[in-house]
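Following: one structure in structure tokens, then a few remarks.
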Amino acid sequence: FIPITTQSQSMPCLRKLTIDKCEKLSSCPSGLEYCTSLQELHFTNCQNLRHLPVDGLQTLVSLKELTLIGCPSLEFIPITTQSQSMPSLRKLWIENCEKLSSCPSGLEYCTSLQELHIISCQNLRHLQVDGLQTLVSVKEFTLKNCPSLEFIPITTQSQSMPSLRKLWIENCEKLSSCPSGLEYCTSLQELHIISCQNLRHLQVDGLQTLVSVKEFTLKNCPSLEFIPITTQSQSMPSLRKLWIENCEKLSSCPSGLEYCTSLQELHIISCQNLRHLQ
1 FIPITTQSQS MPCLRKLTID KCEKLSSCPS GLEYCTSLQE LHFTNCQNLR HLPVDGLQTL
61 VSLKELTLIG CPSLEFIPIT TQSQSMPSLR KLWIENCEKL SSCPSGLEYC TSLQELHIIS
121 CQNLRHLQVD GLQTLVSVKE FTLKNCPSLE FIPITTQSQS MPSLRKLWIE NCEKLSSCPS
181 GLEYCTSLQE LHIISCQNLR HLQVDGLQTL VSVKEFTLKN CPSLEFIPIT TQSQSMPSLR
241 KLWIENCEKL SSCPSGLEYC TSLQELHIIS CQNLRHLQ
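Residue numbers (full-length UniProt numbering): 1 to 278.
In structure tokens, the structure reads:
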């Protein structure tokens with residue numbers, strides 16, 4: 001138990017709180033919600049941490065970084081509600097939270113968020129059904145080692161993620177299709193899809209709307225048969241580097257590759273059934 005404060009007796013100058021390897025700690029420090037000057041909050045390797053404040057962490061209006069790493073007993077992360085958001089949150093890192101089955105509640109209201117990393121959450125099955133398009137400031141988004149995740153609703157045409165620069169998806173074994181709405185992330189510069197064993201589909205109409213993409217990586221996607229990059233009328237004018245590796249079912253070179261006239265590096269490695277280039 002960590003009794004930090006009460007509403008009448010706060011820690012007004014507290015800026016950074018790190019709690020590491022407190023194995024018996026089962027709940028968030030009491031009174032944490034009254035530390036309104038807190039800018040960084042890090043929980044690491046707290047094996048029995050089960051509870052964060054039920055009403056969320058929305059009172060932490062100055063919080064810029066929230067880290068939850070190695071908290072395998074944590075099932076639910078109540079970040080905020082629509083009426084009470086975390087206006088300053090810039091970076092959220094969640095890793096090795098094995099029991100976490102859904103995305104943090106209220107995440108869509110953290111409109112200042114710039115980095116979102118969700119790694120090694122074995123039971124994560126759901127992101128917000130309505131997508132993550134309200135995260136208008138997110139520049140980096142990482143989903144790694146989430147084998148139970150089947151669907152990634154990034155955005156819709158009317159509500160995009162205009163600031164997204166880098167998207168990294170790795171070891172999401174059940175993912176069978178490209179994130180929905182990816183084609184509307186027109187500021188995307190790096191797209192990496194790695195070790196997604198069941199990935200079968202990219203957008204049928206190609207990825208040509210990703211006009212800012214400079215690097216595109218497809219590695220260890222053995223079920224992927226076809227890569228529709230572009231058409232003559234709609235090219236990927238910024239593409240500099242394309243890396244394709246261990247895509248066993250791929251039988252032909254990506255369609256429309258010849259229109260990527262800015263391409264500087266092309267690597268095609270260990271594609272056992274590749275029979276045709278243009």
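Ideal Cβ positions, reconstructed from N, Cα and C, are used throughout, including at glycine.
Query                                                                                                   : Result
Minimum length 4: unbroken alpha helix (DSSP H) runs contained in the stretch 145-228                   : none
Contact set for residue 217: own chain, Cβ-Cβ below 6 Å, skip 5 residues either direction               : 192, 243
Cβ separation of residue 155 and residue 133, assumed to be a contact under 8 Å, to the nearest whole Å : 4 Å
Burial state of residue 229 (16 or more Cβ within 10 Å)                                                 : buried
Cα-Cα separation, residue 138 to residue 189                                                            : 13 Å
Proximity winner among 254, 236, 239, 120, relative to residue 224 (alpha-carbon distances)             : 254
Nearest-angstrom Cα separation, counted from residue 85 out to residue 64                               : 12 Å
Check whether residue 117 and residue 142 have beta carbons under 7 Å apart                             : yes
Beta-carbon proximity of residue 37 to residue 62, cut-off 7 Å                                          : yes
Residue environment, residue 12, which counts as buried when at least 16 other CB atoms sit within 10 Å : exposed
C-beta contact flag for residue 145 and residue 176 at 7 Å                                              : no
Nearest-angstrom Cβ-Cβ length linking residue 239 and residue 260, presumed shorter than 8 Å            : 5 Å
Cβ-Cβ distance between residue 41 and residue 66 below 7 Å                                              : yes
Spatial distance of residue 119 from residue 151 (CA atoms)                                             : 16 Å
Beta carbon of residue 148 nearer than 7 Å to that of residue 187                                       : no
Residue nearest to residue 90 in terms of C-alpha spacing, selected from 47, 39, 266                    : 39
For residue 180 and residue 153, the rounded distance between their alpha carbons                       : 5 Å
Between the CA atoms of residue 214 and residue 264 - distance to the nearest angstrom                  : 10 Å
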